[in-house]
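The sequence shown: position 23 = 30 (the working numbering), numbered continuously.
Glycine residues also receive a C-beta, built at the ideal position from the N, C-alpha and C atoms.
Take a look at the structure below.
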Amino acid sequence: MTIRVPESNCPVCSYRMRCSLPIDGGGAPRPGDISICGNCGVQLLFNDDRGMDLLSNETKKSLDAETRQTLNDATKIIMERGYIVPVSSKFPQR
Ligand SMILES: [Zn+2]
Numbered sequence: 008m009t010i011r012v013p014e015s016n017c018p019v020c021s022y023r024m025r026c027s028l029p030i031d032g033g034g035a036p037r038p039g040d041i042s043i044c045g046n047c048g049v050q051l052l053f054n055d056d057r058g059m060d061l062l063s064n065e066t067k068k069s070l071d072a073e074t075r076q077t078l079n080d081a082t083k084i085i086m087e088r089g090y091i092v093p094v095s096s097k098f099p100q101r
């Protein structure tokens, strides 16, 4: 089920995000939950300001192997598909 979230922009591609699709069947995302930008595939972390930050390598290393693999698989699929919304020319095109 898609859940509306406060609008925020991807810190990498500036894609405007307004909804979330929890893969664990949970409710609205909370600070500390992990996400992926559906436009560029970057791995993100919901922050305390109801926005998203880049997922740090330190946090990523703290995840179990299955979760890391799921994240990497999803990012790969999105990157191979390419952007769904064109991004500024300052970002590399794939
Ligand atoms: Zn993005």
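- For I85, the secondary structure class from DSSP, reduced to helix, strand or coil, is helix.
- Looking from the CA of R11, the closest CA among V19, S21, P29 belongs to P29.
- By the Cβ-count criterion, V49 is buried, with 16 or more other Cβ atoms from all chains shown falling within 10 Å of its own Cβ.
- Shown here, D56 sits in coil according to DSSP, grouped into three states, outside any helix or strand.
- N54 has its Cβ no nearer than 7 Å to any heavy atom of ligand 1.
- Excluding the 5 residues flanking it on each side, R23 has same chain C-beta neighbours closer than 7 Å at E14, N16, in chain order.
- Closest in C-alpha terms to I41, from the list V92, F53, T77, comes F53.
- Between L61 and L51, the CB-CB gap stays under 8 Å.
- The beta carbon of C26 sits no closer than 7 Å to any heavy atom of ligand 1.
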